[in-house]
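Here is the structure we will look at, set down as structure tokens.
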Amino acid sequence: MLESYVGCGGGAMPPCALFMGDFNVGKSALINALLRRETLPACREESRALPTFLARAELSEAHFAAWKRGGEGPTSITHEEFLNIRRKAGNPDGFDALGALLPGTPFRSLVFADTAGMSADGFESPRLTLPTPRPPVLLVVVTDIEYWSAKHTMDFIAHHQQVFGGSLLVAANKADHLNADEIRRLSDRARLRMEAYGIRPAPPFLPLSARLEAARGLQSNEYRMRMKREVRDRCDAGFDALRVTLYEFEARHAAGHRDIDFDMLFTMPLAASLTEMTQGVAA
Ligand SMILES: Nc1nc2c(ncn2[C@@H]2O[C@H](COP(=O)(O)OP(=O)(O)OP(=O)(O)O)[C@@H](O)[C@H]2O)c(=O)[nH]1
Ligand SMILES: [Mg+2]
């Protein structure tokens, strides 16, 4: 069970699910699948993603904003500008973070935070520190299930298990690349491997597939149809476990906070921690 927080500011801070992991493992694709819309670019090309915060808002259409530390506050932008700023050359104003307020997404008050791939540009082993009192943040460590036990990933999990006090899970994505036996074998061994590495208690390890999930609601999707039933079932079960964990985390921390706006997104303590971490590594 994931630990609950104490002293999270009288419920004023919205709970947040933070997605971190290597470049190209599917962080953005997972968030898109969870929110059931293609808000974030998910592509093979390496992105220099600024920390990006997404939340639900009672609006008639999606709104996007960019933010600069020490600047005048959020700048309203279009979705196209939002996508462009995520490319390095598309950010001449030097924004530090991006935000999206989306109508009708499944999570009422959980903020989603997307981050840059860790192995990009020497961004190899970031260490995130959280302010005190610890804000309600659940860290989703996203990995490619085939390479999940690489040393830098184990180090990353071991370090952040301490920082997040157990509010951490491993999303082992791209399980659609494996057969059912391989998925089962890797999942069975994951706990032992982490414990042997000194990660105790081992966090939940969820084999899943953002790609299969994105196609789940679609009738007769070719990619899902091609997949062996057992693989599909295991990936769906892993994704359901992720979704349920996020809903539970949201329910535990959502009480009493007000509607989310851009000012709130960009002034969350987590936003400062993430921009400092990103800039510290880039410097
Ligand atoms: N087969 C398969 N491909 C996936 C899956 N999830 C993501 N991908 C693909 O993997 C590539 C990277 O996905 P992204 O979501 O952009 O990965 P990311 O971790 O956000 O990448 P960066 O932001 O560059 O660090 C894209 O081509 C996705 O279509 C999956 O579950 N299965
Ligand atoms: Mg991404």
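Note that our numbering numbers the sequence shown so that position 32 is 656, with each residue one more than the last. The C-beta atom is built at its ideal place from N, Cα and C for all residues, glycine as well.
Go ahead and label residue i buried or exposed: buried means 16 or more other beta carbons lie within 10 angstroms of its beta carbon, across all protein chains shown.
i	result
cysteine 667	exposed
glycine 746	Below a pLDDT of 50, predicted positions are generally treated as unreliable, and glycine 746, at 49, falls in that range; the measurement from the model is reported next regardless. Glycine 746 should be labelled exposed.
valine 855	buried
glutamate 874	buried
leucine 763	buried
alanine 673	buried
glutamine 786	exposed
glutamate 837	buried
alanine 740	buried
asparagine 700	Looking at the sequence itself, residue 700 is serine, so the reference to asparagine does not match. Result: exposed.
aspartate 800	buried
proline 757	exposed
arginine 882	exposed
threonine 869	buried
asparagine 803	exposed
methionine 901	buried
aspartate 717	exposed
alanine 774	exposed
proline 727	exposed
leucine 683	exposed
proline 755	exposed
arginine 813	exposed
threonine 891	exposed
serine 844	exposed
arginine 710	buried
arginine 853	exposed
threonine 753	exposed
alanine 889	Per the sequence shown, the amino acid found at residue 889 is leucine instead of alanine. Leucine 889 is buried by the Cβ-count criterion.
threonine 584	The structure shown does not extend to residue 584, since the chain is modelled only from 625 to 907, so the question has no answer here.
leucine 842	exposed
For ligand 3, is there any heavy atom lying closer than 7 Å to the beta carbon of residue i?
i	result
aspartate 646	This structure simply doesn't include ligand 3; it includes ligand 1 and ligand 2 instead.
State the CB to CB distance for the pair residue i and residue j, rounded to an integer number of angstroms; the pair is presumed to be in contact (CB under 8 Å).
i	j	result
leucine 658	proline 759	Contact flag wrong, Cβ pair sits at about 20 Å.
proline 831	isoleucine 769	6 Å
alanine 686	isoleucine 884	The pair is not a contact, with the Cβ atoms about 13 Å apart (cut-off 8 Å).
alanine 737	cysteine 640	6 Å
glycine 650	methionine 742	In fact, because the Cβ distance is near 13 Å, the residues do not count as touching under 8 Å.
arginine 815	phenylalanine 829	7 Å
aspartate 857	glycine 697	Their Cβ separation, rounded to whole angstroms, is 47 Å, which puts aspartate 857 and glycine 697 out of contact at 8 Å.
serine 733	proline 638	5 Å
leucine 707	proline 675	Incorrect: roughly 16 Å between the Cβ atoms, too far for contact.
alanine 679	leucine 642	Rounded, the Cβ-Cβ distance is 13 Å, inconsistent with contact.
arginine 751	histidine 783	6 Å
> Is the segment 837 to 851 in contact with the segment 805 to 813, if contact means three or more CB pairs nearer than 8 Å?
Replying inline: By the criterion of at least three beta-carbon pairs nearer than 8 Å, the segment 837 to 851 is not in contact with the segment 805 to 813.
> Hey, is the segment 816 to 831 in contact with the segment 769 to 779, meaning 3+ C-beta pairs nearer than 8 Å?
Replying inline: Yes, they touch.
>> Please give the ranges of any beta strand (DSSP E) in the segment 633 to 719, keeping only runs that are unbroken, at least 3 residues long and fully inside the region.
In response: Complete beta strand (DSSP E) runs here, min 3: 640 to 645, 676 to 680, 687 to 691 and 699 to 701.
> Touching or not, the segment 718 to 737 and the segment 676 to 692, by the rule of three or more beta carbon pairs under 8 Å?
Replying inline: Enough Cβ pairs lie closer than 8 Å, so yes.
> Residue ranges of each alpha helix (DSSP H) run of no fewer than 4 residues wholly in the segment 820 to 862, ordered along the chain?
Replying inline: Within the segment 820 to 862, the complete alpha helix (DSSP H) runs of at least 4 residues are 834 to 838 and 846 to 850.
> Are the segment 640 to 655 and the segment 764 to 772 touching by the rule of at least three beta carbon pairs closer than 8 Å?
Replying inline: Segment contact: the segment 640 to 655 against the segment 764 to 772, three or more CB-CB distances shorter than 8 Å; contact assigned.
>> Would you call the segment 858 to 872 in contact with the segment 795 to 805, where contact means no fewer than 3 C-beta pairs closer than 8 Å?
In response: Judged by Cβ distances under 8 Å, the segment 858 to 872 makes contact with the segment 795 to 805, as three or more pairs qualify.
>> Give the list of continuous alpha helix (DSSP H) stretches no shorter than 4 residues that lie fully inside the segment 750 to 787.
In response: Fully enclosed alpha helix (DSSP H) runs of no fewer than 4 residues occupy 775 to 787 of the segment 750 to 787, in order along the chain.
> Which runs of the alpha helix (DSSP H), 4 residues or longer, sit entirely within the segment 793 to 823?
Replying inline: Here the runs fully enclosed are 804 to 820.
> Can you list, in chain order, the stretches of the alpha helix (DSSP H) that have 4 or more residues and sit fully within the segment 862 to 892?
Replying inline: Fully enclosed alpha helix (DSSP H) runs of 4 or longer: 886 to 891.
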